Structures are given as structure tokens and as C-alpha cells.
């Protein structure tokens, strides 16, 4: 640190005859960033950054900040130094340089900036960064899915359901369909897993949100071969995104919960989701326990014999696999090991068809746990579990009394 401090002070000295380029100054910043974050190293980095900005004002473009400069500072302040407001300030300076001086950004700078703004809770600047990166006035960078996920996290924190659905439209348009189905699937599943409670602990109504997602998919998304039978003039031919079976199951689970808790037995949306599931199913897939239960419940509630018949036929055509999965689910619920369902290739399921494995966007939802509790709709009523577990623990004195009364365990 002493050596780096001396070098930095020499660079910053007015009497210094050193003429360093942007890359060389960035290297000095990188050496400071690799050290343990302290107030002294942070101050030196800020001084070097101001020195580079002074070079820019003096017309020395070859020694002024570039995208890598801002990235280094944001990572150091936000990720390593845990100073999210300082990282936010650097991101704002980067956005200002892009607008006013035509700073060329790259995907890394945009991604790191979006992450810093998410941690700072600055949804306004996060929207501006995304818009400017994508728009004609932006740098034309290829925005990664992570930037959209950071924006979605902020929308979830502020319960901006309509804005989040609009973000899905932008995400599909910008990322394209070919080769991006997995990224879109992960984003849609994260969108479906909306928090059940806000910062104050009040329950959030999500029935309309999930209805809007269903209607969006029905209207804007269609198989290239029109597997769902939803084709027509209302479908955008440039957005032929086909949701995977796991996406439909995630949406079905949320719609089914809403039908029982919020919509007082209104199963029409459940029926529509089940119909899409049946129509889009592949030969090697079969309904698990939850999907079959939801479909038959909706069919009974609405008097839809055709849906009931199709659900049973779907299960019957794969009877051997279905029985095997049911037995595995029963075994798992009684302490057995992990078993995978063929409903979604290689994806672990519980006995109710819920995903028990981790997917890419689980990390995104996990960041909200500290704010809202679980983002899983099925876990929304378990907020008192920690207190109950805490209350159930025996103290040392109680344990001693218990052992003296009944004797040690054999």
C-alpha cells in the first residue's frame, strides 16, 4: 500500500513530469482496487479519477476516463467497499459522460452499473441506463440479460407490476428468440414469482399480475408451428417465443393459488393455462401430481368435461412414467432421495410439481428474501416459522431437567 500510495501521489503531483495514458492510469486504479478496501485506498482512487477528469477538461482525451475506468470504480466501491451510494455516484457520472461527451460503453460497464443501481435502490437511473444503452442516443451495446434482471428486481421491490410486464416485452424484443429461449424462460419465471408481501409486511395482490402474464403470452407469444392454436392477426410474428413446460407450470401454480385464495374459486384462468399446457406438451412429457390436480379441479369447477378428459388422457398415455413419478414423490415425501420428473427434462420436482432445484434466476429472487420473505407463493404463509422454531428450542437448563427425568437417550 505504501508503494502504491507513493506512486499515486507522484502521478498526482503538480510538479510531476509523468505523462500517462488512460490504460496506464487504469492500471494504477486496478492495483489499488486489488488491495483490501480502506479509506486511504478509496481516497487515492477518487484522486486518480479526478485527475483523469481534469485531463479530459484540459483536452487530453488520451488520459481521460473510459468505460473500464468507471467499471473499476463501481466494482471497488459497490461490490468490495459496500458503499452503494459512492458506486451510484460513479454510475451517474458515467451516464452523464455518455450523454454529453459520447463516452463509449461496453456490456460490462452497463451490467456493473445496473447492479450498483439495484443495490442502491435507484430505479429511476436504472431505467435511464437501460433506455440509453438500448436507444439511438446510447452506445449501442448488446445489453446482457443480467441488466434486465436487475431492473426487474427493483420493480419487484416497489411492486410495479405493469412496468415489469412492459420490461418483458422489451427483453424479448432486444434479446431475440433464436438461442435465447432459456434466458427468456428464466426471466418469465422470475416475473411470475412476484413477492407476496411488501416492505411493511402487507400482502400484495398478484391475481391480476398473473392474469396479465397469461394474456400477454396468449397474445404476443406463439410457437413457430402454432402449437398452441393461438395464431392469428393479434400475434406478433417477430416474437415467436414458445414458453417451456416449466414456465407454464410456474404460471399455473400461481394462477391456481390465486383462484383458491384471491379470486374465490374463479378457475377460468387455470383452465386456459392447462389448455395451453396440454396443447404444447411433448410425447416424452407427462403431468405431475400438481398439474393433474389443478387441471381436474378447474374442469370440475367449470364443468369442462373435455379438459378433464384431455388431462386424464395425457396422464394415461404416459401411465408408466406417471406412476413411477408418483411413487418417487411419495418416497421423497417420506424421507427418500431426490428424483427427477420427465415433465421438464432434468428438473427436480416435489410431489406437487414445484421446482426444488436452483435455476439461473433463483439468485435474483433470493435477493428479495430479506425484504419480503420468500418470493415463493407457496411459502407466503410461513413468515412465523422462524419464531416458532426459535421458541421451540430447549435451553440448557430445560434439557438437563428433561434428561434427569427420563434418562439419557439410548
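In my numbering, the protein residues as written are 1159 to 1568.
Glycine included, C-beta positions come from ideal geometry on N, C-alpha and C.
These figures come from a predicted structure and were not determined experimentally.
Extent of the continuous alpha helix (DSSP H) to which residue i belongs
i, result
"residue 1373", "1365 to 1378"
"residue 1238", "Segment: none, residue 1238 is in no alpha helix (DSSP H) and carries neither H nor E."
"residue 1428", "1426 to 1438"
"residue 1195", "No alpha helix (DSSP H) contains residue 1195, which DSSP labels as neither H nor E."
"residue 1119", "For residue 1119 there is no data in the structure shown, the boundaries of the chain being 1159 and 1568."
"residue 1271", "1265 to 1278"
"residue 1475", "1463 to 1475"
"residue 1309", "1303 to 1315"
"residue 1346", "1339 to 1350"
Given residue i as reference, the closest of the options once Cα atoms are compared
i, options, result
"residue 1405", "1325, 1272 and 1344", "1344"
"residue 1375", "1364, 1399 and 1360", "1399"
"residue 1348", "1308, 1179 and 1426", "1308"
"residue 1462", "1289, 1444 and 1432", "1432"
"residue 1358", "1315, 1350, 1352 and 1339", "1315"
"residue 1267", "1466, 1231 and 1473", "1231"
"residue 1403", "1449, 1181 and 1330", "1449"
"residue 1306", "1422, 1415, 1288 and 1281", "1288"
"residue 1445", "1283, 1458, 1472 and 1434", "1472"
"residue 1228", "1188, 1195 and 1220", "1188"
"residue 1312", "1301, 1282, 1326 and 1292", "1282"
"residue 1285", "1261, 1262, 1219 and 1250", "1250"
"residue 1256", "1194, 1351, 1425 and 1292", "1292"
"residue 1460", "1193, 1424 and 1181", "1424"
Identified DSSP bridge partners for residue i
i, result
"residue 1361", "1355"
Distance between residue j and residue i (C-alpha atoms, nearest Å)
i, j, result
"residue 1456", "residue 1468", "13 Å"
"residue 1570", "residue 1247", "There is no way to answer for residue 1570, as the model of the chain reaches only from 1159 to 1568."
"residue 1365", "residue 1264", "39 Å"
"residue 1497", "residue 1340", "At residue 1497, the pLDDT of 41 sits below 50, so the modelled position is not reliable; the number obtained from the coordinates is stated separately. Residue 1497 and residue 1340: Cα-Cα distance of roughly 22 Å."
"residue 1186", "residue 1202", "10 Å"
"residue 1430", "residue 1338", "26 Å"
"residue 1323", "residue 1243", "28 Å"
"residue 1190", "residue 1271", "20 Å"
"residue 1523", "residue 1416", "For residue 1523, the predicted structure reports a pLDDT of 47, less than 50, and the residue's modelled location is therefore unreliable. The matter cannot be settled from this model."
"residue 1420", "residue 1413", "10 Å"
"residue 1221", "residue 1275", "27 Å"
"residue 1310", "residue 1209", "36 Å"
"residue 1303", "residue 1269", "9 Å"
"residue 1184", "residue 1235", "15 Å"
"residue 1238", "residue 1194", "8 Å"
Any C-beta of chain C under 8 Å from that of residue i
i, result
"residue 1328", "Annotation note: the requested chain C is absent from the structure, which comprises a single protein chain."
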